[in-house]
Each structure stands twice: as structure tokens, then as C-alpha cells.
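Novice: I have a structure here, written as C-alpha cells, and I will follow up with some questions on it.
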Amino acid sequence: METNSIPALFVKKQSSLVGPVILLGAPGAGKGTQAKRISEYFGIPQISTGDILRENIREGTELGKTAKLLMDRGELVPDELVCQMVASRLRLPDCANGFILDGFPRTVAQAEWLDGHLAGQHFFESTKGRLGAVVIQLVVEYNQLLQRLTGRRTCPTCGRIYNVYTTQRPKTEGVCDVDGSELVTRKDDREDVIAERLKNYEAQTLPLVTYYGGHKQLSDINGMDDLDSITAAVFKAIEDGNRM
Ligand code: AMP
Ligand code: ZN
8 METNSIPALF VKKQSSLVGP VILLGAPGAG KGTQAKRISE YFGIPQISTG
58 DILRENIREG TELGKTAKLL MDRGELVPDE LVCQMVASRL RLPDCANGFI
108 LDGFPRTVAQ AEWLDGHLAG QHFFESTKGR LGAVVIQLVV EYNQLLQRLT
158 GRRTCPTCGR IYNVYTTQRP KTEGVCDVDG SELVTRKDDR EDVIAERLKN
208 YEAQTLPLVT YYGGHKQLSD INGMDDLDSI TAAVFKAIED GNRM
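Residue numbers 8 to 251, in the numbering used here, belong to the letters of the sequence shown in order.
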């Protein structure tokens with residue numbers, strides 16, 4: 008079975024204009040997996056704040072040094088730092104037709120900043136006018152989140168996500184199907200840190216559901232369905248959002 012890339016039944020679309028897509032959901036809800044599929048299908052970039060922070064840690068930047076201490080404990084990086092980082096990423100030309108935010112916003116302050124930032128941008132001027140963000144929440148029960156996070160392995164080369172407890176396990180144990188790299192366990196996917204991350208998610212990120220609750224394009228999707236059904240529902244939410 009194809010684990011991470013989009014299956015043939017979703018014929019590539021590479022739509023001309025998608026606008027911003029915001030993926031909400033707890034750690035382990037499947038945001039990264041779905042974001043990669045959206046990115047391939049619609050031809051827009053995945054902006055994962057967690058990935059950018061991990062890149063900064065690898066490169067030893069100042070931001071990386073500050074972030075590492077917090078991330079290793081399962082705490083959030085301060086809003087100002089993350090917002091600045093997102094602002095510079097959104098300035099790159101590949102965001103012109105839309106982008107997927109995976110792991111951002113994570114606090115109400117970040118969501119307020121994003122609203123203001125997008126309102127001041129001209130990314131989406133076209134014959135259709137400016138597109139609002141499509142906000143999608145992937146909903147997964149607590150026990151499943153725990154299992155997914157403890158079983159998660161990632162490829163350091165291509166970023167694909169596997170799980171040793173589910174059908175998303177790699178064909179050969181410990182090795183990426185695509186490029187043969189040795190899979191790794193993220194440092195914050197250890198049990199004590201996971202508990203802290205889930206606690207912080209409930210306290211700091213869950214309030215975003217209320218924040219976006221009045222949003223006409225907020226869709227709740229059952230993140231415990233099989234992978235392809237989730238992807239189909241996600242694509243539909245994005246397409247419906249674009250028609251409004
Ligand atoms: P993720 O890969 O999305 O699970 O993020 C890993 C870690 O990076 C989180 O536990 C936070 O410490 C940090 N992080 C990622 N995105 C954000 C954000 N939007 N705001 C604050 N911290 C973040
Ligand atoms: Zn790989």
C-alpha cells in the first residue's frame with residue numbers, strides 16, 4: 008500500500024488558486040501527513056512551523072538555540088518568534104497561489120496576528136477576488152493520539168511520516184520506502200514529553216476551535232477514518248471553501 012503519497016484515485020489537480028489552508032488538530036492528529044498530500048495535489052507549499060524550527064536547530068541559528076530548549080520540554084516557542092518566522096516564509100514567491108499552514112497558528116495570539124497579516128496582503132487578487140482561509144480541524148481521540156505519537160517515525164531526508172503500530176509502517180523496518188534513509192524518532196515523541204505537549208495543546212491551542220468557530224469555512228474532519236477517506240474529505244473542504 009502507498010503510505011504517504013497521494014493514491015492514484017486523487018488525480019493531480021495543481022489548481023491555479025487555492026488561498027491559505029489552515030490545519031488545526033492535536034499533535035499526532037495527522038496534520039503533517041495530510042499537508043503533504045494537499046501540497047502535492049494542489050501544488051501549494053506546506054509551511055510547517057515545527058519543520059522550520061527543527062531546521063533552525065540543525066543549522067544552529069539563534070532561533071534554533073532558543074527553540075530547542077522549549078521544544079525538548081514539549082513547550083511552545085514564543086509567539087513573536089514564530090510569527091516573524093512565518094512572516095518571512097510567506098514572503099517567498101511560492102506562496103502566491105496559496106499555502107498550507109501546518110502547526111500554525113497554535114495560540115489565539117498567533118491567530119489574531121495571522122488575520123491581521125493576511126488582511127494586509129495581496130496574495131489572492133484574481134478574478135475571483137481575495138480568498139479567505141479554509142480552516143480544517145482533524146479530530147482524533149486522546150488514546151489514539153498517544154499511540155500515534157509513540158509509534159511515529161520520520162524520515163530525516165524527505166520528511167515522510169510512518170507509524171510502527173499502524174498500516175503506515177514502512178515496508179522495511181526502520182527504513183524510508185522512498186529514499187532508504189534510516190527513520191528516526193523525534194526527540195519530543197518520547198512519552199514524558201508527549202504528555203506535556205498534549206497538555207499544552209489543550210490549554211493553548213484548543214481555544215482556537217472557538218476562535219475559528221464562527222468562521223464560515225471551518226470544517227471538522229474525523230481524523231480517525233482511514234487515510235484516503237480523510238484526504239478525500241480534506242480536499243472537498245478546500246474545494247468547497249474555494250467556491251464560496
Ligand atoms: P510540531 O512539529 O508541529 O509538532 O512542532 C514541534 C514543536 O515545535 C512544538 O511542540 C513547539 O515546541 C514548536 N512549535 C511548532 N509550531 C509552533 C507554533 N506555531 N507556536 C509555538 N511553538 C511551535
Ligand atoms: Zn524519506
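Cβ coordinates follow ideal geometry from the N, Cα and C atoms, glycine included.
All values derive from a computational prediction rather than experimental measurement.
1. Exposed or buried, Val142, counting other C-beta atoms within 10 Å across all chains shown (16 or more means buried)?
2. Buried or exposed for Thr174, going by 16 or more other Cβ atoms inside 10 Å?
3. Who does Glu189 pair with in a DSSP beta bridge?
4. Could you check the C-alpha separation between Arg204 and Ser55 for me, to the nearest Å?
5. For Arg80, I'd like the list of residues in its chain whose CB is within less than 8 Å of its CB, leaving aside the five on either flank, ordered along the chain.
6. Going by C-alpha distance, which of Arg61, Glu87, Lys38 is nearest Lys75?
7. Could you give the DSSP three-state label for Gln41: helix, strand or coil?
8. Name the one or two DSSP bridge partners that Asp227 has.
9. Return helix, strand or coil for Pro100, following the three-state DSSP convention.
10. In the DSSP assignment, the beta strand (DSSP E) including Val28 goes from what residue to what residue?
11. Examine the ligand AMP and report whether any of its heavy atoms sits within less than 8 Å of the Cβ of Val216.
12. Using the three-state DSSP reduction, which class does Thr161 fall into: helix, strand or coil?
13. In chain order, what residues of the same chain have a beta carbon less than 6 Å from the beta carbon of Gly71, not counting five sequence neighbours either side?
14. Three or more beta-carbon pairs under 8 Å between the segment 113-120 and the segment 82-94, yes or no?
15. Around the C-beta of Val25, are 16 or more other C-beta atoms found within 10 angstroms, so that it is buried, or is it exposed?
16. Where do the N-terminal and C-terminal ends of the beta strand (DSSP E) with Ile51 fall, by residue?
17. May I ask you to report which of helix, strand or coil DSSP gives Gly81?
18. Is it a yes or a no for the segment 25-44 touching the segment 236-243, going by three-plus beta-carbon pairs under 8 Å?
19. Helix, strand or coil for Asp233, going by three-state DSSP, please let me know.
20. If you measure between the beta carbons of Gly35 and Gln151, is that distance less than 9 Å?
21. With hydrogens ignored, establish whether the beta-carbon of Arg167 is closer than 8 Å to any heavy atom of the ligand ZN.
22. Between Glu82 and Asn207, how many whole angstroms is the CB-CB distance? I'm expecting something under 8 Å.
23. Using the beta-carbon count (16 or more within 10 Å), is Ala94 buried or exposed?
24. Which residue marks the beginning of the beta strand (DSSP E) containing Leu108, and which one marks its end?
25. DSSP three-state label for Tyr219, please.
Specialist: In brief:
1. Here residue 142 refers to the residue found at position 135 of the sequence shown. Flag for Val142 reads buried.
2. To locate residue 174, count along the sequence shown from 1; it is residue 167. It is exposed - the Cβ of Thr174 has fewer than 16 other Cβ atoms within 10 Å.
3. Translated into the one-based positions of the sequence shown, residue 189 becomes position 182. Answer is Val182.
4. Taking the first residue of the sequence shown as position 1, residue 204 is located at position 197. Taking the first residue of the sequence shown as position 1, residue 55 is located at position 48. One C-alpha to the other measures close to 17 Å.
5. The residue labelled residue 80 in the question sits at position 73 within the sequence shown. Excluding sequence neighbours, Arg80 sits near Val200, Glu203.
6. Here residue 75 refers to the residue found at position 68 when the sequence shown is read from its first residue. Answer by Cα proximity: Arg61.
7. The residue given as residue 41 occupies position 34 in the sequence shown. In the structure shown, Gln41 sits in a helix (DSSP, three-state: H, G or I).
8. Locating residue 227 in the sequence shown gives position 220, where the first residue counts as 1. Looking at the DSSP assignment, Asp227 forms a beta bridge with Gln144.
9. In the sequence shown, counting from the first residue as 1, residue 100 sits at position 93. In this structure, Pro100 counts as helix in the three-state DSSP scheme.
10. One-based indexing of the sequence shown puts residue 28 at position 21. Per DSSP, Val28 belongs to the beta strand (DSSP E) from 26-31.
11. For this step, residue 216 is matched to residue 209 along the sequence shown. No.
12. Counting from 1 along the sequence shown, the entry for residue 161 is found at position 154. The answer is strand: DSSP assigns Thr161 an E or B state.
13. Working through the sequence shown from its first residue, we reach residue 71 at position 64. Correct list, in chain order: Asn63, Ile64.
14. yes
15. Position 18 of the sequence shown, counted from the first residue, corresponds to residue 25. Burial call: buried.
16. As a position in the sequence shown, residue 51 is number 44, starting the count at 1. Note, Ile51: premise wrong, no beta strand (DSSP E); not H, not E.
17. Mapped onto the sequence shown, residue 81 falls at position 74. Residue state, collapsed to three classes: coil.
18. yes
19. Here residue 233 refers to the residue found at position 226 of the sequence shown. Three-state DSSP puts Asp233 in coil, outside helix and strand.
20. As a position in the sequence shown, residue 35 is number 28, starting the count at 1. As a position in the sequence shown, residue 151 is number 144, starting the count at 1. The answer is yes: Cβ separation under 9 Å.
21. Locating residue 167 in the sequence shown gives position 160, where the first residue counts as 1. Within the cutoff, so yes.
22. Here residue 82 corresponds to residue number 75 of the sequence shown, with the count starting at 1. Here residue 207 corresponds to residue number 200 of the sequence shown, with the count starting at 1. Indeed they touch by this definition, with Cβ atoms about 6 Å apart.
23. Counting from one through the sequence shown, the residue named residue 94 turns up at place 87. When all chains shown are included, Ala94 counts as exposed.
24. Looking up residue 108 in the sequence shown gives position 101. Segment 105-109, the beta strand (DSSP E) holding Leu108.
25. Here the question's residue 219 lines up with position 212 in the sequence shown. If DSSP states are grouped into helix, strand and coil, Tyr219 belongs with the helices.
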